Amino acid sequence: MRFFDFLKQANINQGIEEYKRTAGAVLMDVRTPQEYQEGNIPESKNVPLQQLNNVVSVAKNTEIPLFVYCYSGARSRQATGLLQRMGYSKVNNIGGIVAYSGKVEK
Numbered sequence: 209m210r211f212f213d214f215l216k217q218a219n220i221n222q223g224i225e226e227y228k229r230t231a232g233a234v235l236m237d238v239r240t241p242q243e244y245q246e247g248n249i250p251e252s253k254n255v256p257l258q259q260l261n262n263v264v265s266v267a268k269n270t271e272i273p274l275f276v277y278c279y280s281g282a283r284s285r286q287a288t289g290l291l292q293r294m295g296y297s298k299v300n301n302i303g304g305i306v307a308y309s310g311k312v313e314k
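With our numbering applied, the sequence shown has no gaps in its numbers, which climb one by one up to 314 at the end.
See below:
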């Protein structure tokens with residue numbers, strides 16, 4: 209990782225496109241269940257940051273590509289670090305739904 213890479217904002221719209229092109233990938237929303245119910249990206253699975261140890265319910269093995277988002281990108285950044293420490297090797301922080309331009313479902 210280069211020194212200023214952490215300053216780069218994730219682009220959720222590009223991340224969703226990459227998710228759609230990645231076979232077997234899981235789109236993971238780490239917001240609270242209430243936030244998730246208020247509007248989420250279609251096909252996403254809700255695994256709140258505080259319950260990240262339940263990730264095995266959506267990703268049985270550590271080789272499954274994970275595309276992680278939250279509201280602004282802060283919690284998804286935390287989640288990607290935690291997931292990597294848990295052994296998940298293909299984790300992508302795609303940022304926050306606040307910048308998402310696609311359709312959401314409730």
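Where a beta carbon is used, it is the ideal one built from N, C-alpha and C, also for glycine.
Computed from a predicted model, the values in this text were never measured in an experiment.
If you follow the beta strand (DSSP E) that Ile302 is part of, which residue opens it and which one closes it?
-> Within the sequence shown, numbered from 1, the residue matching residue 302 stands at position 94. For Ile302, the enclosing beta strand (DSSP E) stretches over residues 299-304.
Same chain, Cβ closer than 6 angstroms to Lys298, five either side skipped, listed in chain order = Position 90 of the sequence shown, counted from the start, is the residue given in the question as residue 298. Closer than 6 angstroms at Cβ, skipping near neighbours: Pro273.
Ignore the nearest five residues each way along the sequence and tell me which others in Met236's own chain have a CB closer than 6 angstroms to its CB.
-> Locating residue 236 in the sequence shown gives position 28, where the first residue counts as 1. The residues are Lys253, Val255, Leu274, Val276.
Runs of alpha helix (DSSP H) lying entirely within the segment 246-307, each at least 4 residues, in chain order | 282-293, all fully within the segment 246-307.
First through last residue of the alpha helix (DSSP H) which encompasses Asn221 = In the sequence shown, counting from the first residue as 1, residue 221 sits at position 13. Counting along the chain, the alpha helix (DSSP H) containing Asn221 begins and ends at 220-229.
Hey, Gly281 and Gly303: beta-carbon distance below 8 angstroms or not?
-> Numbered from 1 along the sequence shown, position 73 holds the residue referred to as residue 281. Numbered from 1 along the sequence shown, position 95 holds the residue referred to as residue 303. It is a contact, given that the beta carbons lie within the stated cut-off.
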